[in-house]
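A quick write-up on the structure given underneath.
Numbering (the UniProt record's numbering), first residue to last: 1 to 109.
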């Protein structure tokens, strides 16, 4: 039955002429699979088909991801980061003997 499928590393493929000639068999195969199938025209991808349960599952997953992204965006928008400049942060810190050295001089130590 599945000999009308061209196995591939990615999606399995079915020629559009096969779909036209053997629709009932193709429909049975696609409904039994847990992944989409590519329909080709002249060897090139034209359409992707899948069973309805898989499609609904993918749509639910996309909706969940969309909801999670929306929540993250709202949380990010409502979070205010308080940045403090390094000058302000280290203004009372004494560097002792390193006080007057450049970064290059400090790195050569």
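All residues carry an ideal CB built from backbone N, CA and C; glycine is no exception.
Just so you know, these numbers come straight off a predicted model, no measurement behind them.
What separation, rounded to the nearest whole angstrom, lies between the Cα atoms of residue i and residue j?
| i | j | result |
| --- | --- | --- |
| residue 39 | residue 61 | 24 Å |
| residue 74 | residue 67 | 11 Å |
| residue 1 | residue 20 | Confidence at residue 1 is low in this model, with a pLDDT of 48, below 50, so the placement of that residue should be treated as unreliable; the coordinate-derived value is given next. Between residue 1 and residue 20, the C-alpha separation is close to 16 Å. |
| residue 115 | residue 79 | Outside the displayed span of the chain (1 to 109) sits residue 115, for which this structure offers no information. |
| residue 48 | residue 104 | 60 Å |
| residue 77 | residue 85 | 22 Å |
Let me make sure I understand the geometry here. Which of the options has the alpha-carbon closest to that of residue i?
| i | options | result |
| --- | --- | --- |
| residue 30 | 75, 59 and 6 | 6 |
| residue 44 | 15, 59 and 28 | 15 |
| residue 34 | 77, 57 and 18 | 57 |
Looking only at its own chain, which residues have a Cβ that is under 7 Å from the Cβ of residue i, when we skip the five neighbours before and after it?
| i | result |
| --- | --- |
| residue 32 | none |
| residue 22 | 4 |
Grab me the residues of residue i's own chain with a C-beta within less than 6 Å of its C-beta, minus the 5 sequence neighbours each way, in chain order.
| i | result |
| --- | --- |
| residue 50 | 36 |
Tell me the DSSP secondary structure of residue i in three-state form.
| i | result |
| --- | --- |
| residue 40 | strand |
| residue 22 | coil |
| residue 11 | coil |
| residue 100 | coil |
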